[in-house]
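Student:
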Amino acid sequence: MSRSRQGRCGACEQRSSTALVQAQQDWCVLYHAMAMGECVFYEDGSNMPSSESVTGFAFHEHPLQARNLAIEDAQRRCALGDSFHLHQVTVDCARRDTLAILKWDADKKEWEIIEKSGAAAIVADGDALFQLDHTGKIWKWSGVGQRWGRPIESRDAVKIAASGGNLYQIDRNGKIWKWSGVDDDWGTPIETIGAKDMVADGNDLYQLDVNGRIWKWTGHGQHWGKAIEPMNATRIAASGGNLYQIDVRNAIWKWRGTGADWGTAIDPMNALKIVASGRNLYQIDKRQSIWKWSGAGIDWGKPIEPEGAVEIAADGDTLYQIDNRGGIYRWLGEGTKWSERLQARNATSIACSGGHLYYTTLASGVDASIEALSSELKQLTSRIEKLHERLDDGSGGTP
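Numbering-wise, this note's numbering comes out as the position in the sequence shown, counting from 1, plus 29.
1. Compare the Cα-Cα distances from I303 to each of E334, W206, A342 and K331 and report the closest residue.
2. Report buried or exposed for L429, applying the criterion of at least 16 other Cβ atoms within 10 angstroms of its Cβ.
3. Just list the beta strand (DSSP E) runs in the segment 181 to 264, keeping only unbroken ones of 3 residues or longer that don't cross its boundaries, in chain order.
4. Please name the residue, chosen from I151, S323, A186 and A373, that lies closest to I351 on a Cα-to-Cα basis.
5. Can you give me the Cβ contacts of K132 inside the same chain, cut-off strictly under 6 Å, excluding the 5 residues immediately before and after it?
6. Grab me the residues of G318's own chain with a C-beta within less than 8 Å of its C-beta, minus the 5 sequence neighbours each way, in chain order.
7. Taking Cβ positions, are I275 and I243 nearer each other than 8 Å?
8. Determine the DSSP secondary structure at S382, reduced to helix, strand or coil.
9. Around the C-beta of T389, are 16 or more other C-beta atoms found within 10 angstroms, so that it is buried, or is it exposed?
10. Looking at the secondary structure, which residues open and close the beta strand (DSSP E) in which I351 lies?
11. Closest to K283 by C-alpha separation, out of L301, N299 and A305, would be which residue?
12. Under 8 Å Cβ to Cβ from M298, same chain only, skipping five residues before and after it: list those, please.
13. Going by the CB atoms, is the gap between G248 and N232 shorter than 8 Å?
14. For I313, collect the residues of the same chain with a Cβ closer than 7 Å to its Cβ; drop the 5 residues on either side in sequence, then sort them by chain order.
15. Can you tell me whether A148 is helix, strand or coil according to DSSP?
16. Distance, Cα to Cα, Y273 vs D214?
17. Tell me the DSSP secondary structure of S393 in three-state form.
18. With DSSP as the reference, label E334 as helix, strand or coil.
19. Which residues does DSSP list as the beta-bridge partners of Q274?
20. If we ignore side chains and look at the alpha-carbon of each, how far apart do G165 and L196 end up?
21. Spatial neighbours of V228 within its chain, please: CB distance less than 7 Å, with the 5 preceding and 5 following residues excluded, ordered by chain position.
22. Closest by CA to K188, which one among D290, N353 and G203?
23. Give the secondary structure of I313 by DSSP, where H, G and I count as helix, E and B as strand, and everything else as coil.
24. Cα separation between I379 and T217?
25. Find the nearest neighbour of S192 within the set T221, I151, I130 and E220, judged by alpha-carbon distance.
26. DSSP on Q175, reduced to helix/strand/coil?
27. With DSSP collapsed to three states, give me the class of L161.
28. Using CA coordinates, which residue listed in R201, K138 and G210 is at the minimum distance from A157?
29. From which residue to which residue does the beta strand (DSSP E) around I319 run?
30. Are there 16 or more other CB atoms within 10 angstroms of the CB of N240, so buried, or fewer, so exposed?
31. Rounded to the nearest angstrom, what separates T365 and I181 at their Cα positions?
32. Span of the beta strand (DSSP E) holding I357?
33. Could you tell me the boundaries of the beta strand (DSSP E) in which S306 lies?
34. Classify C38 as buried or exposed, calling it buried when 16 or more other Cβ atoms lie within 10 Å of its own Cβ.
Given below as structure tokens:
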């Protein structure tokens, strides 16, 4: 296995951490893997490790990146890299790095486990929650406990998107499908090849293809018209009738709604991720700072989070972040003021819609938490029993 260069992890700043890194640009997406002994920066797919050199994964320090680990086919081949520059490596990681799903109970101020293991990704749309599991199946949550009914998709889905009561998937062959809303009926594909990512905004659907082009679905059959971005796009986001992209130079652009007219960049450089909600647009930049766009020109004001952000999600005017320890915070809408931690650590992704908040974490972490709680309860029960025994025999005292 060849290595392009070695160095300090850009996010965790710890040489002792282990990482698989895809570095297409001058920033890095970190993938912490116990199988590697040092920070290694991989410049392209040819430098990725083979199945002989990597036999399994266990994410740590930045567990949120586990969401980028996706089953590609029946041979358990996984995709490594961000969702726009995927490299495939055959590893046996899938069975150990599945995710659990938890829902925030605002009344009780606590998290409820609604899926204990097996998830790979989640999307929320109003009161609906869908999960893509690690085998490529899609499920819709019943809204009660850990009940998910039967899968509404048994094909090899690799990505899902939902908005306005619509649910879409991209399968492992790059085809896009729209769910009929009934059982596992997906009809015929609305895109037959080449889709890499997609975003839904109400009844609008946009796709990013493998060549960096952006297309808007007409809503009929496989008709996508002409590309509204002929090249260079790496990420897309849409909401409130607006479409945004990050290009290969990390600049952010807003589509003007006709043809391939994107005007001038609303941020000329440094963007890492973008999230749109209603009329709001947020970004995480290369320094892991969070910014909210003013809506005019290149004015982003001051950062609302100066450092340490690794993931964001928005629901209307409410913004959430995951920091570099996996903690979840809610922005209070002013300056750099964030709420108390809703979750201390180990969150891997968040989804929110209609006032509902969900997060995923490594299933092994949930099991460990449950075991720890069970152990504490057993110890407490034992102490209570001993106290009762002492009270019964008249010896009193504290056990």
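Positions of the beta carbon are idealized from the N, C-alpha and C atoms, including for glycine.
Being a predicted model, the structure only gives us computed values, none of them experimental.
Tutor: Reading off the structure:
1. A342
2. Here the chain comprises residues numbered 30 to 428, so residue 429 is not present and cannot be evaluated.
3. 186 to 192, 195 to 200, 205 to 207, 224 to 230, 233 to 238 and 243 to 245
4. A373
5. E141, I143 and Y387
6. Checking the sequence, you will find Ser at residue 318 rather than Gly. Excluding residues within five positions, the ones whose Cβ falls inside 8 Å are P332, E334, P335, E336 and A338.
7. no
8. strand
9. buried
10. T347 to D352
11. A305
12. R278, N279 and A280
13. yes
14. L301, K302, I319, A338 and I341
15. strand
16. 31 Å
17. helix
18. strand
19. I265 and W282
20. 15 Å
21. A190, Y235, I265, A266 and A267
22. G203
23. strand
24. 31 Å
25. I151
26. coil
27. strand
28. G210
29. I319 to K321
30. exposed
31. 41 Å
32. I357 to R359
33. A300 to S306
34. Because C38 carries a pLDDT of 33, less than 50, the predicted location of this residue cannot be relied on, and the following value inherits that uncertainty. Buried, since its Cβ has 16 or more Cβ neighbours within 10 Å.
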